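> Line by line, the protein sequences give chains Y and X. Adding 52 to a residue's 1-based position in the first sequence gives its number in the working numbering. Adding 27 to a residue's 1-based position in the second sequence gives its number in the working numbering.
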Amino acid sequence: MSILQTRDLAIGYHGQALGTVINLAIHPGEVVSLLGPNGSGKTTLFRTLLGVLPPVSGQVLAGGRSLQQWPQRKLANLLGYVPQAHTGLFAFTVEDVVLMGRTARLKRFGAPSARDRHIAQAMLERMGAGHLAKRRFTEISGGQRQLALIARALAQEVSLLIMDEPTASLDFGNQLKTLDAIEQLRNEGLSVLISTHQPEHALTISDRIALIRDGELKAIGPAQETVTPASLATLYDVAEHMVAGCFSNAF
Amino acid sequence: MRMKPADRRFHWSFLILFLMVVVIAALAIGQYTLAPSAVLKALLAPAIALPDTSSDAGIVIWNLRLPRIAAGLLVGAALAAAGTAYQGMFRNPLVSPDILGVSAGAGLGASLAILLGLSLPFVQGLAFAGGLIAVGTVYWVSGLVRRHDPILVLVLSGVAVGTLFGAGISLIKVLADPSVQLPSITFWLLGGLNGASREDLMLALPLVLAGLVPMILLRWHVNLLALADEEAAALGVDVHKLRRILIVAATLMTAAAVSIAGIVGWVGLVIPHVARLIAGSEFSRLLPTSILLGAGFLVIADTLARSVASIELPLGILTALVGAPAFIWLLARTGRSG
Numbered sequence: 053m054s055i056l057q058t059r060d061l062a063i064g065y066h067g068q069a070l071g072t073v074i075n076l077a078i079h080p081g082e083v084v085s086l087l088g089p090n091g092s093g094k095t096t097l098f099r100t101l102l103g104v105l106p107p108v109s110g111q112v113l114a115g116g117r118s119l120q121q122w123p124q125r126k127l128a129n130l131l132g133y134v135p136q137a138h139t140g141l142f143a144f145t146v147e148d149v150v151l152m153g154r155t156a157r158l159k160r161f162g163a164p165s166a167r168d169r170h171i172a173q174a175m176l177e178r179m180g181a182g183h184l185a186k187r188r189f190t191e192i193s194g195g196q197r198q199l200a201l202i203a204r205a206l207a208q209e210v211s212l213l214i215m216d217e218p219t220a221s222l223d224f225g226n227q228l229k230t231l232d233a234i235e236q237l238r239n240e241g242l243s244v245l246i247s248t249h250q251p252e253h254a255l256t257i258s259d260r261i262a263l264i265r266d267g268e269l270k271a272i273g274p275a276q277e278t279v280t281p282a283s284l285a286t287l288y289d290v291a292e293h294m295v296a297g298c299f300s301n302a303f
Numbered sequence: 028m029r030m031k032p033a034d035r036r037f038h039w040s041f042l043i044l045f046l047m048v049v050v051i052a053a054l055a056i057g058q059y060t061l062a063p064s065a066v067l068k069a070l071l072a073p074a075i076a077l078p079d080t081s082s083d084a085g086i087v088i089w090n091l092r093l094p095r096i097a098a099g100l101l102v103g104a105a106l107a108a109a110g111t112a113y114q115g116m117f118r119n120p121l122v123s124p125d126i127l128g129v130s131a132g133a134g135l136g137a138s139l140a141i142l143l144g145l146s147l148p149f150v151q152g153l154a155f156a157g158g159l160i161a162v163g164t165v166y167w168v169s170g171l172v173r174r175h176d177p178i179l180v181l182v183l184s185g186v187a188v189g190t191l192f193g194a195g196i197s198l199i200k201v202l203a204d205p206s207v208q209l210p211s212i213t214f215w216l217l218g219g220l221n222g223a224s225r226e227d228l229m230l231a232l233p234l235v236l237a238g239l240v241p242m243i244l245l246r247w248h249v250n251l252l253a254l255a256d257e258e259a260a261a262l263g264v265d266v267h268k269l270r271r272i273l274i275v276a277a278t279l280m281t282a283a284a285v286s287i288a289g290i291v292g293w294v295g296l297v298i299p300h301v302a303r304l305i306a307g308s309e310f311s312r313l314l315p316t317s318i319l320l321g322a323g324f325l326v327i328a329d330t331l332a333r334s335v336a337s338i339e340l341p342l343g344i345l346t347a348l349v350g351a352p353a354f355i356w357l358l359a360r361t362g363r364s365g
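1) How about D259(Y) and V83(Y): are their beta carbons less than 8 Å apart?
2) So T96(Y) and I63(Y) are supposed to be a Cβ contact under 8 Å. How far apart are they, rounded?
3) Counting only the same chain and skipping the five closest in sequence on each side, list residues whose C-beta sits under 6 Å from that of L135(X).
4) Using 8 Å as the threshold, is the segment 321-333 of chain X in touch with the segment 99-112 of chain X, meaning 3 or more CB pairs across them?
5) What span of residues does the beta strand (DSSP E) with P274(Y) cover, start to end?
6) Closer than 8 Å, CB to CB, is R125(Y) near chain X or not?
7) Got a sec: which bits of the segment 156-177 of chain Y sit with their beta carbon under 9 Å from any beta carbon on chain X, in order along the chain?
8) Considering only C-alpha positions, which residue in the set G93(Y), T58(Y), G71(Y) is nearest to H79(Y)?
9) Does the segment 240-260 of chain Y come close enough to the segment 149-164 of chain Y that 3 or more CB-CB pairs lie under 8 Å?
10) Check this for me: beta carbons of L222(Y) and G267(Y), under 8 Å apart or not?
11) Leaving aside the five residues before and after M28(X) along the sequence, list all residues of the same chain whose C-beta is less than 8 Å from its C-beta, in chain order.
12) Using a Cβ cut-off of 8 Å (strictly closer), state whether F224(Y) contacts chain X.
13) Determine the direct distance from the alpha carbon of P210(X) to that of G85(X), and round the result to whole angstroms.
14) May I ask you to report which of helix, strand or coil DSSP gives S206(X)?
15) Does chain Y have any CB closer than 8 Å to the CB of S169(X)?
16) According to DSSP, is I199(X) helix, strand or coil?
17) Answer yes if the segment 212-227 of chain Y comes into contact with the segment 89-105 of chain Y, meaning at least three C-beta pairs across the two stretches below 8 Å, and no otherwise.
18) Can you pull the chain Y neighbours of P120(X), defined as C-beta to C-beta under 7 Å?
19) Identify the contact partners of P135(Y) in chain X, using a Cβ-Cβ distance below 9 Å as the criterion.
20) Pick from L127(X), F155(X), D125(X), F310(X): whose alpha carbon is nearest that of L139(X)?
21) From the beta carbon of W39(X), is the nearest beta carbon of chain Y less than 8 Å away?
22) Strictly by DSSP, which residues pair up with G64(Y)?
23) Applying the 10 Å Cβ sphere with the 16-neighbour rule, what's the burial state of N90(Y)?
24) At a CB distance below 8 Å, what residues from the segment 232-245 of chain X approach chain Y? Give them in sequence order.
25) The alpha helix (DSSP H) with Q136(Y) in it runs from where to where?
26) Can you tell me which residues form a DSSP beta bridge with T248(Y)?
27) Within 8 Å (strictly less), CB to CB, does L131(Y) reach chain X?
28) Between L228(Y) and A203(Y), is the Cβ-Cβ spacing less than 8 Å?
29) Short check: CB of V182(X) to CB of L121(X), under 8 Å?
30) Hey, does L284(Y) have any beta-carbon neighbour from chain X nearer than 8 Å?
31) In chain X, which residues lie with their C-beta within 7 Å of the C-beta of R99(Y)?
32) Return no unless some Cβ of chain Y is closer than 8 Å to the Cβ of S123(X).
33) List in chain order: all unbroken alpha helix (DSSP H) runs of 4+ residues lying wholly within the segment 269-332 of chain X.
34) Compare the beta carbon distance of Q6(X) and P299(X) with 8 Å and say whether it is the shorter of the two.
35) Just verifying my parser: in three-state terms, what is the DSSP assignment at T145(Y)?
36) For W356(X), name the three-state secondary structure that DSSP assigns.
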């Protein structure tokens with residue numbers, strides 16, 4: 053049984069489909085990476101999978117039901133979204149940002165309780181960021197913000213995390229920490245769908261990798277089989293020897 | 028920064044003390060100056076007997092100053108709460124009832140009602156309708172203009188719509204009877220509490236409370252509107268519905284304030300920022316802080332308006348004197364950090 057599944061899904065805006073239909077399923081406890089050039093439709097696909105953008109045609113199914121039939125609150129107990137680290141406009145504390153992950157678990161007119169605060173703190177600590185709780189979200193580093201946003205999605209207690217380029221704009225150390233965190237989450241049984249521009253990251257953490265271009269799913273399969281110099285060369289419009297050279301030179 | 032429980036107690040007791048000092052000072056200060064002891068004596072009199080309206084002090088306090096101060100507290104609280112909600116829901120620190128054109132819209136509705144010689148409930152009703160039309164138009168227009176800085180677009184749309192409604196107000200002034208209606212419209216548009224009667228207050232209070240209730244119930248959820256829409260949606264919030272509820276609530280409060288005090292600018296812009304500096308951005312702490320500060324600020328401004336000169340100054344002029352420089356400071360500050 054998959055957590056999230058697309059059935060003949062066409063993505064796009066204003067009824068204009070991008071590419072052809074996508075059939076994709078995310079299973080419990082697996083990490084799936086999405087590789088594709090800029091403008092390939094990764095963000096559009098994510099927005100559709102989150103139920104924020106309606107499909108042009110086809111369906112996204114969660115628990116056998118179309119996303120469009122899910123109440124927003126219920127869906128938030130199943131799917132968590134980790135956006136690229138942003139600064140935000142108002143100076144919330146890191147604790148408040150993580151507590152926002154508890155919103156769908158609160159009563160309709162409620163506010164976070166002591167128990168919610170406890171969960172938020174525990175999730176921050178799980179990401180190794182417990183000491184940041186009282187800091188302002190606007191004043192911590194990009195890497196710390198990314199960890200806090202993952203902690204927020206964890207506080208949501210979801211089954212699937214959808215992460216939009218979690219390592220983009222992070223320094224080398226923070227990239228490794230984030231990747232490590234993702235592997236830990238997988239080991240704890242969570243499913244993760246991430247988009248990335250770095251094939252080597254995808255290879256490190258993924259069970260399966262999907263290649264997407266022009267709104268079309270070009271390939272999906274076990275990580276090592278799907279990402280090859282040949283497939284990357286086609287995906288990114290570069291010569292195969294350039295890709296091969298890049299990979300063999302690494303270490 | 029999250030406050031420790033002890034800090035929090037200090038925070039609230041400080042704000043309430045501030046408000047009490049302001050009210051007692053406002054009761055004492057004026058053309059007929061009273062000693063604070065006389066104020067307290069007159070205030071405590073009803074605990075012993077009926078309000079003492081036989082002495083001069085009793086009459087000044089119970090019949091003149093107290094209703095006016097209550098109106099000031101209500102208007103200041105309403106404008107500050109509305110401004111706090113608008114800033115939160117539009118993810119925009121530079122908006123307020125006046126910048127979004129809500130005040131002008133409400134002003135147009137209310138002037139129209141005055142022109143037609145309608146009674147206060149109709150003035151309030153038309154003020155609310157005008158305010159809602161204004162903010163609805165601003166929201167709609169700013170949605171049409173994409174690919175620009177959304178903060179700027181919202182502010183500029185508000186300026187444009189505000190100007191349009193301002194033109195409507197000018198038209199009503201031209202049409203108004205110059206001997207009776209025009210002075211009342213003009214003075215009322217400058218903003219002031221001198222016309223606020225006890226009856227006005229009783230009509231405005233339920234509207235302000237009606238606007239406040241959804242803000243209190245949704246005190247946590249409002250925070251999530253500070254995020255990108257899809258981020259908030261992924262956290263389980265129906266963003267559009269929440270924003271619509273808050274727009275109606277904040278506009279109701281603004282219209283109630285406008286219908287008893289005219290257009291008092293700047294309070295809804297500046298007070299939420301000061302409150303944010305004190306209490307942080309989390310709405311359930313920010314809203315009450317903003318309300319207490321707004322109420323206190325307006326009573327201070329109104330006390331100055333009726334006591335600094337031998338004639339009474341329009342309240343809107345005084346709040347502008349404080350608000351405009353504060354706004355420029357905010358603009359400079361936002362530009363640097365953003």
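Quick reminder that beta carbons are idealized off the backbone N, C-alpha and C, glycines included. Given the structure is predicted, the values throughout are model-derived calculations rather than measurements.
Short version:
1) By 1-based counting over the first sequence, the position of residue 259(Y) is 207. By 1-based counting over the first sequence, the position of residue 83(Y) is 31. In this structure, V83(Y) lies closer than 8 Å to D259(Y) by Cβ.
2) For this step, residue 96(Y) is matched to residue 44 along the first sequence. For this step, residue 63(Y) is matched to residue 11 along the first sequence. A Cβ-Cβ distance of about 5 Å is found for the pair T96(Y) and I63(Y), placing them in contact under the 8 Å criterion.
3) Translated into positions along the second sequence, residue 135(X) becomes position 108. So the qualifying residues of the chain are G157, F192, G195, I196.
4) Touching, yes.
5) In the first sequence, residue 274(Y) corresponds to position 222, counting from 1. Unbroken beta strand (DSSP E) run through P274(Y): 268-274.
6) If you number the first sequence from 1, residue 125(Y) lands on position 73. Answer yes: the Cβ-Cβ gap between R125(Y) and chain X drops below 8 Å somewhere.
7) For chain X, the residues of the segment 156-177 of chain Y that bring a beta carbon within less than 9 Å of one of its beta carbons are A156, R157, L158, R160, F161, G162, A163, P164, in chain order.
8) Translated into the one-based positions of the first sequence, residue 79(Y) becomes position 27. For H79(Y), the nearest C-alpha among the options comes from T58(Y).
9) No contact exists between the segment 149-164 of chain Y and the segment 240-260 of chain Y.
10) Against the first sequence, residue 222(Y) aligns to sequence position 170. Against the first sequence, residue 267(Y) aligns to sequence position 215. No.
11) Position 1 of the second sequence, counted from the start, is the residue given in the question as residue 28(X). At M28(X), the pLDDT of 44 sits below 50, so the modelled position is not reliable; the number obtained from the coordinates is stated separately. Annotation for M28(X): G307 place their beta carbon closer than 8 Å to its own, counting only its chain and skipping 5 residues before and after.
12) By one-based count along the first sequence, residue 224(Y) stands at place 172. Chain X contact via Cβ: absent.
13) By one-based count along the second sequence, residue 85(X) stands at place 58. By one-based count along the second sequence, residue 210(X) stands at place 183. Going by the C-alpha atoms only, they are around 32 Å apart.
14) If you number the second sequence from 1, residue 206(X) lands on position 179. Correct three-state label for S206(X): coil.
15) Taking the first residue of the second sequence as 1, we reach residue 169(X) at position 142. Answer no: the Cβ-Cβ gap between S169(X) and chain Y never drops below 8 Å.
16) As a first step, residue 199(X) is located in the second sequence; it is residue number 172 there, counting from the start. In the three-state reduction of the DSSP assignment, I199(X) falls in the helix class.
17) As far as the Cβ criterion goes, the segment 89-105 of chain Y touches the segment 212-227 of chain Y, which means the pair count is three or higher.
18) Taking the first residue of the second sequence as 1, we reach residue 120(X) at position 93. Residues of chain Y passing the Cβ test: L141.
19) If you number the first sequence from 1, residue 135(Y) lands on position 83. Within 9 Å Cβ-Cβ: L254, A255, E257, E258, A261.
20) One-based indexing of the second sequence puts residue 139(X) at position 112. When each option's Cα is compared against that of L139(X), the closest is F155(X).
21) Numbered from its first residue, the second sequence carries residue 39(X) at position 12. W39(X) does not count as touching chain Y.
22) Your numbering for residue 64(Y) matches position 12 in the first sequence. G64(Y) pairs with A69(Y).
23) Stepping through the first sequence from its first residue, residue 90(Y) is reached at position 38. Answer is exposed; the Cβ neighbour count stays below 16.
24) Those would be L244, L245, in chain order.
25) Reading the first sequence from its first residue, position 84 is the one you call residue 136(Y). That residue, Q136(Y), is in no alpha helix (DSSP H); it is neither H nor E in DSSP.
26) Taking the first residue of the first sequence as 1, we reach residue 248(Y) at position 196. In the DSSP output, where bridge partners are listed per residue, T248(Y) has L87(Y).
27) Within the first sequence, residue 131(Y) is the residue found at index 79, counting from 1. At least one beta carbon of chain X lies nearer than 8 Å to the beta carbon of L131(Y).
28) Here residue 228(Y) is taken as the residue at index 176 of the first sequence, counted from 1. Here residue 203(Y) is taken as the residue at index 151 of the first sequence, counted from 1. Between L228(Y) and A203(Y), the gap from beta carbon to beta carbon reaches 8 Å or more.
29) What you label residue 182(X) is simply residue 155 of the second sequence in a count that begins at 1. What you label residue 121(X) is simply residue 94 of the second sequence in a count that begins at 1. In contact: V182(X) and L121(X) (Cβ atoms closer than 8 Å).
30) Taking the first residue of the first sequence as position 1, residue 284(Y) is located at position 232. For L284(Y), not one C-beta of chain X is nearer than 8 Å to its own C-beta.
31) Reading the first sequence from its first residue, position 47 is the one you call residue 99(Y). Simply E257.
32) Taking the second sequence and counting its residues from 1, one reaches residue 123(X) at position 96. Not a single CB atom of chain Y sits nearer than 8 Å to the CB of S123(X).
33) Correct list: 294-306.
34) This structure leaves residue 6(X) out entirely; chain X is present only between 28 and 365.
35) Stepping through the first sequence from its first residue, residue 145(Y) is reached at position 93. Strand, per DSSP.
36) Against the second sequence, residue 356(X) aligns to sequence position 329. It is helical.
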